[in-house]
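Okay, structure first, notes after.
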Amino acid sequence: MTRLVSQPKRISIETTEAWILRRGEKGASEPGVLEKAAYPLPAMTEHHVLAEPIYGTWEANMTHCLERSPIDVCRIRREETVVLGNAGVVRILKTGSEVMTCREGDMCLVVPIGSEDEYGHMIKVFGYDAPNMMGMLARRAVFHELNVTPIPYPTRYSYVRWAGFPVRYGTAWENWKLCYNVWKAQFDLGDFPPPHLSGWGGAVSLAMAQLAVHFDCPASLVASTDYRLALLREEGITPIDRRKFPDLAFDDERFETDRAYRAKYLQSEGAFLAEIENVTHGKGVSIFVDNIGGPVFRAALRALGRLGIITTSGWKHGKHLAYDRTAATVNRHIFLHVHGCRRSEGLASVRFAEEHGWLPPDGAEVYAWNDIPRLAADYAAGKIQSYAPVFQVNPL
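Using our numbering, you'd call the opening residue of the sequence shown number -2 and step up by one each time.
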């Protein structure tokens, strides 16, 4: 493993206001809370920058951190306190003497790679499980130069929209590229049927569906609110209303022992598969994006057509899954896992985004600095309407 951009362990005498997460008690399972505190800034080196976070987005991994599930990131990092946040827009205030990636005054995106393998694939995540690296929930921050990249200047799009790009859209870029090329590789050279992409709602799924539409491939997504269903239509994505199958939450033990539960589940699964049958014209899904897992994995597998790919970059509800290897083999189903995005692909995705407007849609909620704990609570409670809720750290 290459630790690409770890912060120096030396601490400067300067501090900044930050929202911090403290280490949990050993053996305890109580969730953590964000606390506002003075946080010591890491010392600058010739390859570091002093940045002023402007806008950030609340990521699912931040909720995992507060829930201490599946890990207590403070314990994994062997740190008493951490500053979370790995997506957003920052202003560069100062650069080290050998910094090459940006200049003072640049508006930059955060690059969330904490460590990588020899091929550039991410292992640990900046602002999450990578040690000695602070994230976006601070008034000032010291980052390695490889953790920032300039936003195209002048940009045609708002910094609020760019804030949601680094994690969600970078992941989607590399995921789509892999899925599309794997799909193509299953056919003889020449023509091949355009893949139908579908998936459970979420910003990575949305970004992949936007790419599918851009490249003239059919796309559908599941959503559960009128706001999101309307937004999908505006994006040229066929919406599937989650409210039509409210009991689609599989539990293996209850399925075997609870007849009433079994009947309700099968009714919802049947309604879901009927929707898939309709939107795919009976062919099934070619690429299914499932970043949820457990409760919906069975249904996702059943939605796949022959040669279908099920892809994931997350594990919202459960790390361990079971499937029928015989059925997967006969139907030539492919399982594809992606963790983030290589820096080279991330930079390419930024250029593509500026050229084609491939960004989170307008309309994201923007929470003030002092309201960030409320944002965390709203996100955990499912009260967020947009796909990439934003918090503002400093004035633009």
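Note that beta-carbon positions come from the ideal geometry of N, C-alpha and C, so glycine has one too.
query, result
"Would the stretch 77 to 86 and the stretch 177 to 186 be scored as touching if the rule is three or more Cβ pairs under 8 Å?", "no"
"So, for histidine 353: in the same chain, excluding its five sequence neighbours on each side, which residues have a beta-carbon less than 8 Å away from its beta-carbon?", "His211"
"Buried or exposed, going by whether 16 or more other CB atoms sit within 10 Å of the CB of valine 2?", "Legend: pLDDT at valine 2 = 49, less than 50; position of this residue unreliable, no value from coordinates given."
"Please state whether DSSP places cysteine 105 in a helix, a strand or coil.", "strand"
"Quick one, which of Asp213, Leu208, Phe242 and Ala209 has its alpha-carbon nearest valine 219's?", "Phe242"
"What is the C-beta distance between tyrosine 262 and phenylalanine 252, in whole angstroms, given that I count them as a contact (C-beta under 8 Å)?", "6 Å"
"What residue range is occupied by the uninterrupted alpha helix (DSSP H) comprising arginine 88?", "Run containing arginine 88: none in the alpha helix (DSSP H); it sits in the beta strand (DSSP E), 85 to 92."
"Ignoring anything shorter than 4 residues, give me the alpha helix (DSSP H) runs that lie fully in the stretch 162 to 186, in order along the chain.", "165 to 182"
"How do the stretch 279 to 290 and the stretch 197 to 209 stand: do at least 3 beta-carbon pairs fall below 8 Å, yes or no?", "yes"
"Could you check where the alpha helix (DSSP H) with arginine 259 kicks off and where it finishes?", "256 to 276"
"Do valine 108 and valine 87 have their CB atoms nearer than 8 Å?", "no"
"Who are the near neighbours of methionine 59 in its chain, counting only those whose CB is closer than 6 Å to its CB and skipping five residues on each side?", "Leu81"
"Taking 8 Å as the threshold (C-beta atoms), are valine 347 and proline 149 in contact?", "yes"
"Taking the beta carbon of phenylalanine 388 as the centre, do at least 16 other beta carbons fall within 10 Å, making it buried, or is it exposed?", "buried"
"Quick check on the DSSP output: what are the complete alpha helix (DSSP H) runs of length 4 or more inside the stretch 286 to 374, in order along the chain?", "291 to 300, 322 to 327 and 340 to 353"
"For threonine 13, which option in Gly21, Ala324 and Lys33 has the closest C-alpha, if you only look at C-alpha atoms?", "Lys33"
"What are the uninterrupted segments assigned as alpha helix (DSSP H) that are 4 or more residues long and contained completely in the stretch 25 to 101, given in chain order?", "57 to 64 and 70 to 74"
"Kindly indicate which three-state DSSP category arginine 19 falls into: helix, strand or coil?", "strand"
"Using C-beta distances below 7 Å, list every residue in its chain close to alanine 385, excluding the 5 sequence neighbours before and after it, in chain order.", "Thr54, Gly161, Arg165, Ala200, Pro357 and Ala361"
"Report the CB separation of histidine 330 from isoleucine 307 in whole angstroms; it is logged as a contact under 8 Å.", "7 Å"
"Alpha carbon to alpha carbon, how far is alanine 48 from valine 276?", "46 Å"
"With DSSP collapsed to three states, give me the class of valine 2.", "Its pLDDT being 49, under 50, valine 2 is placed unreliably in this model, and the value from its coordinates should be taken loosely. Valine 2: coil per DSSP, three-state reduction."
"Taking only the alpha-carbon atoms, compute the straight-line gap between aspartate 126 and aspartate 185 and give it to the nearest angstrom.", "42 Å"
"Would you give the residue range spanned by the beta strand (DSSP E) that leucine 393 belongs to?", "Counting along the chain, leucine 393 falls outside any beta strand (DSSP E), and DSSP gives it neither H nor E."
"Would you report the Cα separation of aspartate 272 and glutamate 22, rounded to the nearest angstrom?", "In the sequence as presented, aspartate is not what sits at residue 272; that position holds glutamate. Computed Cα separation, rounded: 46 Å."
"Can you say whether isoleucine 284 is buried or exposed, counting buried as having 16 or more other CB atoms within 10 angstroms of its CB?", "buried"
"To the nearest angstrom, how far is the alpha carbon of asparagine 144 from that of threonine 323?", "43 Å"
"So, are the CB atoms of leucine 229 and alanine 296 less than 8 Å apart?", "no"
"Using a 10 Å radius around the Cβ and a threshold of 16 neighbouring Cβ atoms, would you call glycine 302 buried or exposed?", "buried"
"Under the rule that 16 or more other beta-carbon atoms within 10 Å means buried, what is asparagine 172, buried or exposed?", "buried"
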